[in-house]
Amino acid sequence: HLENMDAEQPREAAKAFLYVVDGAGSSTNPIVVKSMSIKCGDMAVFHWGIKSIVQHIQYRNNRISGYQNGALMILKGNVSNIEATNNLFYHGHTAVSFYVPGGDANGLSFENNTFFGLSFWVRLTETPLNQNLARFRHNLVMNCDVSTMAMLVPVGRSWFVSNWLELSEQAT
Numbered sequence: 124h125l126e127n128m129d130a131e132q133p134r135e136a137a138k139a140f141l142y143v144v145d146g147a148g149s150s151t152n153p154i155v156v157k158s159m160s161i162k163c164g165d166m167a168v169f170h171w172g173i174k175s176i177v178q179h180i181q182y183r184n185n186r187i188s189g190y191q192n193g194a195l196m197i198l199k200g201n202v203s204n205i206e207a208t209n210n211l212f213y214h215g216h217t218a219v220s221f222y223v224p225g226g227d228a229n230g231l232s233f234e235n236n237t238f239f240g241l242s243f244w245v246r247l248t249e250t251p252l253n254q255n256l257a258r259f260r261h262n263l264v265m266n267c268d269v270s271t272m273a274m275l276v277p278v279g280r281s282w283f284v285s286n287w288l289e290l291s292e293q294a295t
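Mapped onto our numbering, the consecutive letters of the sequence shown carry residue numbers 124 to 295.
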């Protein structure tokens, strides 16, 4: 477990604060990251399943922010069973970024989070929309760029349930 820690990277930091590659927790003993305050340079949290699955990680009650170019949570490659609950994702470029070209992701859950003041609250890069990738439930999304929603229309109700959106034409 990682908990009750404050971390701030300089604006020019190019490496993630937390970097998880090929592996992680188990269903009975997940990795838990909670009650943390993280301000990142380029990346806060990076998950990368290259040869094996990055799985069973839970984020609870964290405050994750970045500078204008910061990506707060990146999910790349083979990722599964990652949960983010009761977190605040604020300021920065992208809150949650998916790069899952092979469609090898499932069980990604984002529930009861707040997304505030971001260019993208969800961003897809080379990620097919026909997969059952993620669930976003009961989140508050405020002052995030409205253009984000256009690319998410095809997955609509299959990914998003009961979220409250107050988007801006352009995030500040």
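Positions of the beta carbon are idealized from the N, C-alpha and C atoms, including for glycine.
- From the listed residues 182, 264, 275 and 284, the smallest Cα separation to residue 248 is found for 275.
- By the neighbour-count criterion, in which 16 or more other beta carbons inside 10 Å mark a residue as buried, residue 159 falls on the buried side.
- A direct Cα-Cα distance of roughly 17 angstroms separates residue 220 from residue 161.
- Excluding five sequence positions before and after residue 187, the CB atoms of its chain that fall closer than 6 angstroms to its own CB belong to 161, 167, 195 and 212, given in chain order.
- Buried is the label assigned to residue 165, since at least 16 other Cβ atoms lie within 10 Å of its Cβ.
- In the structure shown, residue 274 falls within a helical segment according to DSSP collapsed to helix, strand and coil.
- In the DSSP annotation of this structure, the continuous segment of the alpha helix (DSSP H) that includes residue 280 starts and ends at 279 to 282.
- Pairing residue 125 with residue 217, the inter-Cα distance amounts to about 23 angstroms.
- Nearest C-alpha to residue 252 among 181, 174, 280 and 284: 280.
- At least 8 angstroms separates the beta-carbon of residue 145 from that of residue 180.
- A straight-line Cα-Cα distance of about 26 angstroms links residue 261 and residue 190.
- Beta-carbon to beta-carbon, residue 182 and residue 201 are separated by about 19 angstroms, too far to satisfy the 8 angstroms threshold.
- Apart from the 5 residues on each side of it in sequence, residue 228 sits with its Cβ closer than 6 angstroms to the Cβ of 202 and 256 in its chain, given in chain order.
- Note on geometry: alpha-carbon atoms of residue 176 and residue 143 lie some 10 angstroms from one another.
- Residue 140 is positioned such that its CB atom lies closer than 8 angstroms to that of residue 130.
- Rounded to whole angstroms, the gap between the alpha carbons of residue 134 and residue 193 is 9 angstroms.
- Bounds of the beta strand (DSSP E) holding residue 170 are 166 to 183.
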